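Notes for the one structure printed next.
Chains as they are written, first to last, in the numbering used here: chain A, 18 to 130; chain B, 12 to 127.
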C-alpha cells in the first residue's frame, strides 16, 4: 500500500540554523500539506500546496517557513532560521483531491537547541 | 470558525473493557467531513475513518464503531473489547467539504491506555 514517507525521522539543530524537512507524498496525490505537533499538544495545520503553489497557510507559517516541490516526487519544508519554539513533530500529508482523505507520513521530530 | 473539542484528555481501561471517546465539533459549514486518527506511541498518525456530514449512518469496523449525531454535533468513537495495542492518542478532526479551505482542524487528542 502506498505511503507518505519523510526524512529524516529525527533532526537536531542549533537555534538560527536552517533546516529542510523532506517528504515524498503518495505518487498519484496532487495536494500536499505540512502540519506540526508541539510535544503533547494537538496537531496544527501549517500549509497546503497544489499545482506548485501555496493554496492556504496558517498564521504559524510566517516568512521563516517556505515550501517547495523541487522535482516530481519530493515536497520540502524549509525553516530559514530556527527558533527554540520550532521544536516539534512535523507531519507531511497528501491527498488525491482536495476533498479526499489526507494520509500522513511518520513525521520528523525536530529539536532546536 | 471551526473547532473540535475532545473533553477527555486521558482514559485508562483494563483489557476487554469497552471505551467511548467523545468528540464535539463546531462549524458554520453546511457540508463537512469528520475524521478520527490514531497516534500510537511510535508517533505516526494513522487514518481510521472519514464521514461526510450528509451521512449520519453509524459505522462499524471490527471492534471499532462510530456514532455521528448531527443534532448534537458529535462524532463519538467506541472501541469494543479493548486490547493493549489500542493504547494510543486518538484525534478527532474536521474539514470543510466545500469552499476554499483544505486544512484539517484537530482536537487536542485523547490518550487511551489499555492495561493488561
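Ideal Cβ placement from N, Cα and C applies to all residues, glycine included. Note that the structure is predicted; figures quoted are calculated from it, not measured.
Per-residue burial, residue i [other beta carbons within 10 Å of its own, 16 or more giving buried]
i	result
residue 53 of chain A	buried
residue 102 of chain B	buried
residue 120 of chain B	buried
residue 25 of chain B	exposed
residue 37 of chain B	exposed
residue 114 of chain B	buried
residue 94 of chain A	buried
residue 53 of chain B	exposed
residue 83 of chain B	exposed
residue 42 of chain A	buried
residue 99 of chain A	buried
residue 56 of chain A	exposed
residue 106 of chain A	buried
residue 90 of chain B	buried
residue 125 of chain A	buried
residue 64 of chain B	buried
residue 122 of chain A	buried
residue 96 of chain A	buried
residue 104 of chain B	buried
residue 141 of chain A	Outside the modelled stretch of chain A, which goes from 18 to 130, sits residue 141 of chain A, for which no answer is possible.
Start and end residues, beta strand (DSSP E) containing residue i
i	result
residue 70 of chain B	70-72
residue 21 of chain A	Run containing residue 21 of chain A: none; DSSP gives neither H nor E here.
residue 109 of chain A	105-112
residue 83 of chain A	82-85
residue 79 of chain B	75-80
residue 117 of chain A	Run containing residue 117 of chain A: none; DSSP gives neither H nor E here.
residue 16 of chain B	14-16
residue 31 of chain B	30-32
residue 61 of chain B	57-63
residue 50 of chain B	43-50
Residues bridged to residue i (per DSSP)
i	result
residue 40 of chain A	A/23 and A/92
residue 73 of chain A	A/65
residue 121 of chain B	B/101
residue 125 of chain A	A/107
residue 23 of chain B	B/124
residue 30 of chain A	A/129
residue 54 of chain A	A/60 and A/106
residue 37 of chain B	B/14
residue 49 of chain A	A/66 and A/111
Within the region 83-118 of chain B, note down every full beta strand (DSSP E) run reaching 3 residues or more, in order along the chain. 85-90 and 99-107
Determine which residues of the region 75-88 of chain A have a Cβ less than 8 Å from any Cβ of chain B, and write them out in chain order. 75
Residues of the region 30-58 of chain B whose Cβ lies closer than 7 Å to any Cβ of chain A, in chain order: 54, 55, 56 and 58
Check each residue of the region 92-110 of chain B: if its Cβ is closer than 7 Å to any Cβ of chain A, include it; give the result in chain order. 102 and 108
Taking Cβ-Cβ distances below 8 Å as the criterion, which residues of the region 60-85 of chain B are in contact with chain A? Under the 8 Å Cβ criterion, the region 60-85 of chain B contributes 61.
Between the region 26-57 of chain A and chain B, which residues of the former have a C-beta closer than 7 Å to a C-beta of the latter? 48
Taking a cut of 9 Å between CB atoms, which residues from the region 97-122 of chain A lie near chain B? 106, 108, 110, 112, 115, 116, 117, 118, 119, 120, 121 and 122
Between the region 60-74 of chain A and chain B, which residues of the former have CB atoms less than 7 Å from a CB of the latter, in chain order? 60, 62, 65, 72 and 73
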